Structure formats: structure tokens, C-alpha cells
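**Q** For reference, the structure I am asking about is given below.
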Amino acid sequence: MKGIGHFLTGIAVASCFPEAMRMTLEDNSLILLMGGAFGLLPDTLDFRVGRYLWPKQHVVTPDLKRLDARPVAETVARAIDEAAETGKPTLVKLNTLKMSANYHRTYSIFVDQERKVVRARIGPLKTMGQVMGGGGHLPRSLPQEHERGELQWESPYKANMVNLYHAETSVGIFSGPDFAFVPDRGKVRMDFIPWHRTWAHSPFVGLLCGLLAFLVYGLMGWSGTGDPSAFVSTTSLTAFGVGTLAFWGHTFVDQFGVLGSVLFWPFSNRRSGGFGWTHAASVLGNITLNYCCMAIVFWNLIVYTAEANIILPWARGMDGGYSDLKFYLISLANYLTYYVAVPLVILHVGARLYRRFFPYRGHPRIKDEEYGTTRRSDSESEGEDEAGSEALDGGSM
Amino acid sequence: MEPMMILACLGMSLAGAVIAAAASLIPGLHIYNVIAITMTILFAVEHFFSGLDPMLMTSFLIGLVVGFSFLFTITSQYFQPCDDSYRYVMLPHEKFLFEGRAHEAVVLGSIGSLVAIFAIGVIFPFFGQYAAVIRGLVRPHLYWIIGAVIVFLLMTEWPKDPGTGPTPLKRMLDGWGSILMGYFCFGMAGLLGIFIFHRTIIPVESSFQSLMPVFVGLFAIPSQLLTLLATVGVPRQHVAKSVELTGEDVIRGGASGILAGMVSAFTPSLTPGPAMLLSGHATVTGGDRQFIIGGGSGRVMYYVGTLLFFFMPGVFLRRGGAAINISLFFTPETWAQFLTIAGLIVLVGAIAFVGSLGYSRLATAIVARVPYKWLSLGGMAIMIALVGWVTSWQGLVIMLVSTCIGMIPNLWHTRRINLLAVLLVPMFLNMWGHGADVARWLGFL
């Protein structure tokens, strides 16, 4: 999911703690903000730290002056067989080809496990906005190719592959993708951006974050009162809960995608598969998540912000306030119906109807008849892989 | 309200839009600077206007804001081409200029603006009760909401290395170099903001424009300086008769902009830039067209929509320079006034949309005949003169400091959005209740 979805998930989780809302309203506490930060932290750790620590064995950088798909395909095929022969994972890094501030030369690879070939293609010039470059106004500073090699090449490999993606991976802008080819039960599994969703997404690190939050708020309570017993208080325990659950919320939300996370680190480095219900660049998936998170936050604001004194229509005329269970549940039912279910139904039905009458306009799905696979448009496949899609402003994570 | 009065209001609005069109020829000039200068002139000849109905002056300023929000970025798009060597990322409208499609970019932005105008005209009249409720609900939470924006901005400052360094350390240094420069830029802009908020050196009589030299220095002058240093040529521009666009682009781009405008309307110090960043993430906008449409929509929703909240009974949200200046002589009271203003906005917005197409052609003609460096030089001279005139030498000093900070993103390839720490940081600290403590600790108090 996009970074904002994780950030809002963290805030939404934090807002569900009554003590956190009390601290926010009475003590000007930043605990909700802390929830957002811990919600986003796993990706921050991966993309700002983890990716740099990952070793590289096979680095592919096509020559800009002699565009040739052959070394790309051969290197990847060699890495696959090397993994099968040695029984150890092999790592491949595909570097991007930056030509100017705006233009990249793209190329792509596709691991066809049925035909046991790696296909590489030299692609078009693309702008940072993933728009095909060309026309009469390319910058003069673009490097000129002196000769041209094979623009498409297929290299065979011997190993039996497990490729869950069935998608052509486009190497476009920013930092290129990494692959790990991992021997797995007699086959070679292809892991995409293997440094992502590893230790930094594990529930164990979430616990450590909770402990850190507990420590900070415990020390603040102790120093604020001068009483050591204030170290363990409702406040510090709430901070522990917010830190841990906001982090875990990130891992949970990521499970809805294809990639999954390493759930049992430090005991296992194996990344579990996700549910595959959505992907990072999914418009409806992201909007639904963000809307639900905002709805949770707003509900808690309504319940705990007494000065706003908001009474929903179904609860009007009833005695008591949100502390009364019946009042609370009826108000919640009203809220869920009017402000959550109805807008989401309108959104999803509207989107479905739009797709029905205007199928994939602007987002072509390309049927690859030769291989019987459906290739997603670049933005979509790169959105799912998440590494190549850091957009203009920070992108998905 | 009398029909003649409504017609007079419309006339005044159109007059405001015409003034806005003239002022928009100066790239980098901000609407609030124009309003402030207009107000200075109007107050100087107050006796001439004293007999007029305040609705007329209000309509004039409404026209000014609507016209400006449609037009003021057009000249920047044409007159300030982006030189590759000073940027890591080229923005969509800058790319369109190099492809000879700047007019298309203007049309897309104007369509976005029109979407916002439509939303303002159709949704706002029914939105009043919800706006008041939301305002009451979020008011006690604004400090952490602004804090959350700051944290999100900092946490999403991303490494811009290509990942090709020979060792992990080298790669990390490559990546973190740009991140740390982004943080440095954020910190410097934040410090400047705390100083401006707590101990500005701007003369008291010009204090209503204390932010003018800051924003001119942070954003306008660096852009113009880079234009002067640029070595690229602007190709001949093609004025297309049609625009390639899908309904999905309009819906997603427009929705993103509208969301950004609404969020920034209710959150002090949150300008369209960071709000667009948040809404762009939240609604997953994709592609150049949606980006440009969202920009146009967000701009109008922020400047015009926020202003309309000021007239909304039960809300009366006084945000932005326009609302503050109007509140000096006009107190909104009735739904009739609100609906009149909303109607004026829709009418002037529709006219400004058509006008923007001609305005774009004018800019095409100008950029084909006059070297863009001369245009930027002229624009910069006018901006500096205005800052000096309105805020005296003290303003020029602040502008100089701001310019140095404003150059950081361009020279070190960081996000310009970090510069908005100049508003976000002091506002967050003040609303959190620690602004004075921090200012005192820094020696500003």
C-alpha cells in the first residue's frame, strides 16, 4: 500500500486507545502522531536502510552506447542455474539507465517458467512520469548509441522455477529492482526485491518498537512526577500498545498484497505469501484503506472530543452519551451505515460501472498471445513490486 | 439582494479578474501579494470608496482571487523552463513545455480548475452543516494533525541514488546525502519560520505582509535565478485544438485536487503543495494528466474554496490573505450573501476558464518573441522592487536569506516541499503550546 495508507493505519490504531485520546485532548500528547510514525516505519527502514545492506552478486548495467538485451538475459539465466547447482540463493540487481533528469532508457525481463527461458527486451525512452519519450524535443545532451546489439534476447536455463509473478518486469526509473533466486524444495523460487518486507516487517521488531515507546513514555512519566512508580503507568502501557499495534498494522495491511512479509524473524527469513487480494498501486485498494482509516479516526474524534458534542441522528433523543453502551452502539451503527458503508458502496459500484462502460481506457492490458500471459501495464506491475515505483513525491512503499 | 446590485457585483468581480490577468503576467507573483498591494492602494484612497456597499469591494477581491487562481501559473509554465542539470525530477508541465505542448498542460490545469469551480458551486451550498461540524471536531486536534503532516513529509523524504555504488556504505551515502540535505533544508526553513513568527524585523507598518519577502525569497526568486542560469531552449509550441483526456483522468485528478484543497482549508499552514502530496498518495493519482488536473483543481479549491468558507453561515472560516483582508471591511451574515458569492465564483470561474485558453495563446506568442531570460529578469526586478517597497530594507534582508534557503532544493536535488517548514514548524509549535519556549531557547525572544 502507499505510504499514506500505512501512516493512517498507525494513527487509526492509536486513536482506538481511550488513554491515547485522553492524552491527546488533555495533555497535548503526540501519541497519535507516534502511531502514524510507527505505522510507516517498516517501509522507512526497508527503503532507507535495508536496501543498502543487501549484498549483490550479479549486477546488470546495460551499455547505453551499445544497447544489447543479450547480457541481461544471460546474466539472469546464469543466476537461476547457479542457485539450482549450488543450492544457495543468488542475487541479481538490475540497474536503471538514467540518461538525463527526465529520461531513462527502459528494459524489461520476463522469466518464462514454461519454456524455461529468460527474455530480455530493450525498451523505449521513458520520462520520470513513465511516459514514452520521443518526438522532436529530446534533450541534446542525451547520450547517443554508437551501435546496436540485440534488442530482444532469450537465454535458456535448466532449473525448475517457481515464478509467482507471471509479469514482465520493467526496469525504468530511480533505483532498479533486485531479485533473489532461492532454492526451494527442488525448485528455484524467484523473490522480488528480497530485501523488502523482511526483518523490518516482522512482528518481533514491532514488539521492540512497542518497548521503545514504553521506555520513552515511562521515562517521561517518571521525570515528570519524580516518582519511579510512574514509569509503569496507563500512559506508558498505552504507548507500548500503540507502538506495537501500529507497527503490526503495517504488516497486517501488507498481507493483503502478493508479497507478504517475513513473519517469524529472527527464527526464519522466509517471506510468507500474501493473500493476493490487492497490490500496492491499486487505486480502489488504497482509497478503501485510507477511507476506512480516516473513518476510524473520525469516529474516535466524535466519541472522545466532548466539546464538539456531536450526536448522530439515530441516537438523538436518547439518554446518556458515548460512555453508555447502547448509545455508543446505535451511534456506531448509524456512522457505519451512513458514513462508511454508503460511500464505499458508491465508490466500488461506481468504479465497476465505469470500468464496464469504459474498459481500461488509458490503462491498456496487453494480451501476450505468444506466451499466453497477460502483461500488466508498467505502472501497475511496478506498483506491485513497489521498488521501482517511488513516484515524484516519495511514492509507494 | 437587488438584481442591479448583483449585476454590479458581477461587474466588480470581472474587473478583479482583469486585474488578476494583468498581475499574472509577472511569473512568481503571489495572489496574496497582489491583494495586499491592492488593499494598500484602496485604503490610501478610502474616501473614494467609503460610500460603496462593502459587497462591491468584496466582489472585486473575489474576482481577483478566482482570476488569479486560474491564471497565475500559466506564465511560470511558459517563462520558466526547467534545465535538466538543476533538477532530479522534471514536473509534468515542464515536460509538456519541452514537447511543445505547454498549451495542452494549461488546458488540463484549467479543466482541473473548472472541476473545482463546479464542486464549489454545486457541493458547497449543501456542505455548510458538515463543514461547521468538521471544523468544530478537528479544532482541538490541529496541533497533532500539522505534526503528522511534518512527520509524513520527513519520513517520505526518499533517497535519490540510482543504487549503483560499489559498496553498501557508498550506496547508503549516495542515498542519504539527498535525504539529509532535505532535512537540512526543512530545518533551515523551520528556523526561519520561527524567527519570522516570533521576532520578525519587518517594520510594524508592513507587518501585514511579513511573509511576503519569505515566500518571494523561498520560491519565486530561486525559480527566476535558475531560469537565468538555464541553457535550454523553448521549442515552438503547438496550440492544439483538442485535448486527449479520459473521464477517469478528470475524476481522479479532480478528486485529488478537491481533497487537497479541502484538507488545506481546514488545516492552518497547510498549503496546496503538501496537501496535494497527501491527497495524491491517498487517491493514488497516476500519470502526468492527472497530476496537472489535480494541481489546477487543488489550487482553485484552496484559494477560492477556502475563501467561500469565510462566507458560509455557521462556518465563517477566516483563512488566507483574501479572507483576512475582506474581513477588514465586510462581515458576512446571510445565506443570500453566501449564495451570491458562490454564484459569482462560478460565473467568474467559467469566464476565467475561457480566458485561460486565450491567456495561454498570449503566453505562447510572448515566449516565441521575447527571450525567457529577459522575462524572468524583468519579473525578478519587479518582485524585488515590490518587496523593497512594501517591507523596506528589512524585507530585502529576509528575502536574501530566504533565497539562499530556497536554492538548496535546486542545487542538492531535494524536494521543494521542505521549504514549507517555514509555515508548518512554527504553526505546529505554537498550536502544540511550545512555540514561545522554542523561540526563547533559540534566542528569538
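Quick mapping for you: the protein sequence lines, in order, are chains A and B. For the first sequence, this note's numbering begins at 30 and goes up steadily by one. For the second sequence, this note's numbering begins at 7 and goes up steadily by one. All C-beta atoms, glycine included, are put in the ideal place defined by N, C-alpha and C. Because the structure is a prediction, the values reported are computed rather than measured.
(1) Please confirm whether residue 48/A and residue 198/A have their CB atoms less than 8 Å apart.
(2) Which residues, in chain order, does the region 113-143 of chain B contribute to contact with chain A at a C-beta distance below 7 Å?
(3) For residue 428/A, is the classification buried or exposed, using 16 other Cβ atoms within 10 angstroms of its Cβ as the cut-off for buried?
(4) Taking 6 Å as the limit between beta carbons, can you name the residues of its chain near residue 381/B, skipping five residues before and five after?
(5) Would you mind sorting residue 110/B into buried or exposed? The rule is 16 or more other CB atoms within 10 Å of its CB.
(6) Please determine, among 332/B, 416/B, 298/B and 301/B, the residue with the shortest C-alpha to C-alpha distance to residue 314/B.
(7) Helix, strand or coil for residue 213/A? Go by DSSP, reduced to three states.
(8) Counting pairs of beta carbons, one from the region 361-373 of chain B and one from the region 100-117 of chain B, are three or more of them closer than 8 Å?
(9) Let's see if you can read the secondary structure: which residues bound the alpha helix (DSSP H) around residue 433/A?
(10) Looking at the strands, I want to know which residues DSSP matches up with residue 149/A.
(11) So with CB distances below 8 Å, who are the chain A contacts of residue 367/B?
(12) For residue 204/A, which residues in chain B fall below 7 Å Cβ to Cβ?
(13) Determine, for residue 73/A, whether the minimum Cβ-Cβ distance to residues of chain B falls below 8 Å.
(14) Can you check DSSP and say which residues form a bridge with residue 122/A?
(15) In whole angstroms, what separates the C-alpha of residue 298/A from that of residue 233/A?
(16) Per DSSP, residue 176/A is paired with what?
(17) Can you tell me where the beta strand (DSSP E) holding residue 199/A begins and where it ends?
(18) Run down chain A in chain order and give the residues with a C-beta less than 7 Å from the C-beta of residue 289/B.
(19) Is residue 400/A helix, strand or coil by DSSP?
(20) Evaluate residue 367/A with the Cβ neighbour count: other Cβ atoms within 10 Å of its Cβ, from every protein chain shown; 16 or more gives buried, anything less gives exposed.
(21) From residue 320/A to residue 248/A, what does the alpha carbon distance come to, in whole angstroms?
(22) Which residues of chain B have a Cβ atom closer than 9 Å to the Cβ of residue 32/A, listed in chain order?
(23) Would you verify that the beta carbon of residue 66/A is, or is not, closer than 8 Å to some beta carbon of chain B?
(24) Show which residues of chain C have a CB atom less than 8 Å away from the CB atom of residue 441/B.
(25) Considering only their Cβ atoms, is the gap separating residue 43/B from residue 75/B smaller than 8 Å?
(26) Going by Cα to Cα distance, which pick from 292/B, 230/B and 326/B is closest to residue 274/B?
(27) Judging by CA-CA distance, which residue of 52/A, 81/A, 87/A and 183/A is the nearest neighbour of residue 148/A?
(28) For residue 84/A, which residues from the same chain have a beta carbon less than 8 Å from its beta carbon, with the 5 sequence-adjacent residues on both sides left out?
(29) Scan the region 39-61 of chain A for residues whose Cβ lies nearer than 7 Å to a Cβ of chain B and list them as they occur along the chain.
(30) Spell out whether any CB of chain B is found under 8 Å from the CB atom of residue 359/A.
(31) Using the rule of at least 16 other Cβ atoms within 10 Å of the residue's Cβ for burial, across every protein chain shown, is residue 316/A buried or exposed?
(32) What's the call for residue 136/B, buried or exposed, on a 16-neighbour Cβ count within 10 Å?
(33) When Cβ atoms are compared, which residues of the region 346-375 of chain A fall closer than 9 Å to chain B?
(34) Give me the Cα-Cα distance between residue 397/A and residue 37/A, rounded to the nearest whole angstrom.
(35) Which residues in the same chain have their Cβ closer than 6 Å to the Cβ of residue 455/B, if we skip the five residues on either side of it in sequence?
(36) Taking 8 Å as the limit between beta carbons, can you name the residues of its chain near residue 293/B, skipping five residues before and five after?
**A** Taking the geometry as given:
(1) Counting from 1 along the first sequence, the entry for residue 48/A is found at position 19. Counting from 1 along the first sequence, the entry for residue 198/A is found at position 169. No, these two residues do not count as a Cβ contact at 8 Å.
(2) From the region 113-143 of chain B, only 139, 142 and 143 have a Cβ closer than 7 Å to chain A.
(3) With chain A represented from 30 up to 426, any question about residue 428/A goes unanswered, as that position is not in the structure.
(4) Here residue 381/B refers to the residue found at position 375 when the second sequence is read from its first residue. Excluding residues within five positions, the ones whose Cβ falls inside 6 Å are 85.
(5) Within the second sequence, numbered from 1, the residue matching residue 110/B stands at position 104. By the 16-neighbour rule on beta-carbons within 10 angstroms, residue 110/B is buried.
(6) Working through the second sequence from its first residue, we reach residue 314/B at position 308. Each of 332/B, 416/B, 298/B and 301/B was checked against the Cα of residue 314/B, and the nearest Cα belongs to 332/B.
(7) Along the first sequence, read from residue 1 onward, the residue named residue 213/A stands at position 184. Here residue 213/A sits in strand by DSSP.
(8) Output reads yes: the region 100-117 of chain B touches the region 361-373 of chain B.
(9) Beyond the ends of chain A as shown, which are 30 and 426, falls residue 433/A; an answer cannot be given.
(10) Position 120 of the first sequence, counted from the first residue, corresponds to residue 149/A. In the DSSP assignment, the residues bridged to residue 149/A are 138/A and 182/A.
(11) For the purposes of this step, residue 367/B is taken as the residue at position 361 of the second sequence. Going along chain A, no residue has its Cβ under 8 Å from residue 367/B, so there is no contact; the nearest lies around 20 Å.
(12) Taking the first sequence and counting its residues from 1, the one referred to as residue 204/A is at position 175. Residues of chain B with a Cβ closer than 7 Å to the Cβ of residue 204/A are, in chain order, 167, 168 and 169.
(13) Translated into the one-based positions of the first sequence, residue 73/A becomes position 44. Chain B has a Cβ within less than 8 Å of the Cβ of residue 73/A.
(14) Mapped onto the first sequence, residue 122/A falls at position 93. Beta-bridge annotation (DSSP): residue 122/A is paired with 88/A and 207/A.
(15) In the first sequence, residue 298/A corresponds to position 269, counting from 1. In the first sequence, residue 233/A corresponds to position 204, counting from 1. Residue 298/A and residue 233/A: Cα-Cα distance of roughly 12 Å.
(16) The count along the first sequence starts at 1 and reaches residue 176/A at position 147. Per DSSP, 95/A.
(17) Looking up residue 199/A in the first sequence gives position 170. In the DSSP assignment, residue 199/A falls within the unbroken beta strand (DSSP E) covering 198-200.
(18) Position 283 of the second sequence, counted from the first residue, corresponds to residue 289/B. Result: 316.
(19) In the first sequence, counting from the first residue as 1, residue 400/A sits at position 371. With a pLDDT of only 39 at residue 400/A, under the threshold of 50, the placement of this residue in the model should not be trusted, and no figure is reported.
(20) Looking up residue 367/A in the first sequence gives position 338. Exposed is the label assigned to residue 367/A, since fewer than 16 other Cβ atoms lie within 10 Å of its Cβ.
(21) To locate residue 320/A, count along the first sequence from 1; it is residue 291. To locate residue 248/A, count along the first sequence from 1; it is residue 219. Approximately 35 Å, taken between the alpha carbons.
(22) Taking the first residue of the first sequence as 1, we reach residue 32/A at position 3. Contact of residue 32/A with chain B by beta-carbon distance below 9 Å involves 158, 161, 162 and 287.
(23) As a working mapping, residue 66/A is identified with position 37 in the first sequence. Chain B, which has a Cβ nearer than 8 Å to the Cβ of residue 66/A, makes this yes.
(24) Here the protein chains are A and B, and chain C is not one of them.
(25) Here residue 75/B refers to the residue found at position 69 when the second sequence is read from its first residue. Here residue 43/B refers to the residue found at position 37 when the second sequence is read from its first residue. Against a cut-off of 8 Å, the Cβ pair of residue 43/B and residue 75/B comes out as no contact.
(26) Within the second sequence, numbered from 1, the residue matching residue 274/B stands at position 268. Taking residue 274/B as reference, the option from 292/B, 230/B and 326/B with the minimal CA-CA separation is 326/B.
(27) Working through the first sequence from its first residue, we reach residue 148/A at position 119. Nearest C-alpha to residue 148/A: 183/A.
(28) If you number the first sequence from 1, residue 84/A lands on position 55. Sequence-distant Cβ neighbours of residue 84/A in its own chain, meaning closer than 8 Å and more than five residues away, are 120.
(29) In summary, the residues of the region 39-61 of chain A whose CB is separated from some CB of chain B by less than 7 Å are 40, 53, 54, 57, 59 and 61, in the order they occur in the chain.
(30) Position 330 of the first sequence, counted from the start, is the residue given in the question as residue 359/A. Residue 359/A does not count as touching chain B.
(31) Within the first sequence, the letter at position 287 stands for residue 316/A. By the neighbour-count definition (other C-beta atoms within 10 Å, threshold 16), residue 316/A is a buried residue.
(32) Within the second sequence, the letter at position 130 stands for residue 136/B. Per the 10 Å Cβ criterion, exposed.
(33) Per Cβ criterion, the list is empty.
(34) Taking the first residue of the first sequence as 1, we reach residue 397/A at position 368. Taking the first residue of the first sequence as 1, we reach residue 37/A at position 8. Below a pLDDT of 50, predicted positions are generally treated as unreliable, and residue 397/A, at 43, falls in that range; no measurement from the model is reported.
(35) Because residue 455/B is not part of the residues shown, which for chain B are 7 to 451, the question remains open.
(36) If you number the second sequence from 1, residue 293/B lands on position 287. Excluding residues within five positions, the ones whose Cβ falls inside 8 Å are 255.
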